[in-house]
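Trainee: The structure that follows is given in the form of structure tokens.
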Amino acid sequence: MNYVTAGGVTVGLCILVYQLVTWWPGHKRLMKDPVKQAAELLPFLLGWTYGCLTTLGVGGLVGLVSGTVLGLSNWLGDAALVWGVGGTAEQQVGAKVFVPLSGPGLGVVLILTAAFIAAVKKSGYGSELKRGAWCGICLGTSAGVAGFAAVPLATAATVIGDRVYGAF
Numbered sequence: 285m286n287y288v289t290a291g292g293v294t295v296g297l298c299i300l301v302y303q304l305v306t307w308w309p310g311h312k313r314l315m316k317d318p319v320k321q322a323a324e325l326l327p328f329l330l331g332w333t334y335g336c337l338t339t340l341g342v343g344g345l346v347g348l349v350s351g352t353v354l355g356l357s358n359w360l361g362d363a364a365l366v367w368g369v370g371g372t373a374e375q376q377v378g379a380k381v382f383v384p385l386s387g388p389g390l391g392v393v394l395i396l397t398a399a400f401i402a403a404v405k406k407s408g409y410g411s412e413l414k415r416g417a418w419c420g421i422c423l424g425t426s427a428g429v430a431g432f433a434a435v436p437l438a439t440a441a442t443v444i445g446d447r448v449y450g451a452f
């Protein structure tokens, strides 16, 4: 099971804040066309959703990559908290309710992995997708609001998988 430390959550929140600050169009532009401005966050949000799903009981190569990213993010964030600002590194601050994906849900994650790789390679939003995935990996098992999003994401992936694989 993947778990996140205070440092990992900090890294995830730093990525989220970076994305929001670089996206911010200004009050005037946001009020003029809020839908268009908000739509610019969609690639990041899609990446975040994918990253979050990869932390929910996914094994194999996808789980290994996700777990490695989370482990490195935990280490990086913990080191920054201890040596950067003189704090302490709290171990395992993850959500207490862990919702792994079912077999059909894992199939959906595999399909999303293929789509994610293709989107990163072919679209002009590769860096935003990757930042979103990294953020989702860091915050997907956190005990905060982002962690609560994991339950509906896992449920949705399972339901979609049941519908897709139930047809065979």
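Heads up, the sequence shown is in the working numbering, so the first residue is 285 and it goes up one at a time. C-beta: ideal position from N, C-alpha, C; glycine also.
1) In whole angstroms, what separates the C-alpha of T439 from that of V392?
2) Rounded to the nearest angstrom, what separates S426 and F328 at their Cα positions?
3) Please confirm if the segment 300-308 is in contact with the segment 362-373, defined as three or more CB-CB distances below 8 Å between the two stretches.
4) When the Cα of L300 is compared with those of W418, G291 and V288, which residue comes out closest?
5) At which residues does the alpha helix (DSSP H) containing G335 begin and terminate?
6) Any contact of the segment 319-337 with the segment 404-422, i.e. 3+ C-beta pairs under 8 Å?
7) How many Å lie between W308 and G450 at the Cα?
8) Are the CB atoms of G355 and T294 nearer to each other than 8 Å?
9) With distances taken from CA atoms, which of A290, V435 and I401 is nearest P384?
Mentor: According to the structure data:
1) Straight-line Cα distance between these residues: approximately 11 Å.
2) One C-alpha to the other measures close to 18 Å.
3) No, they do not touch.
4) Of the candidates W418, G291 and V288, W418 places its Cα closest to the Cα of L300.
5) In the DSSP annotation of this structure, the continuous segment of the alpha helix (DSSP H) that includes G335 starts and ends at L326 to T338.
6) Yes, the segment 319-337 is in contact with the segment 404-422.
7) Here the alpha carbon of W308 sits roughly 43 Å from the alpha carbon of G450.
8) It is not a contact, given that the beta carbons lie outside the stated cut-off.
9) Among A290, V435 and I401, the Cα nearest to that of P384 is on V435.
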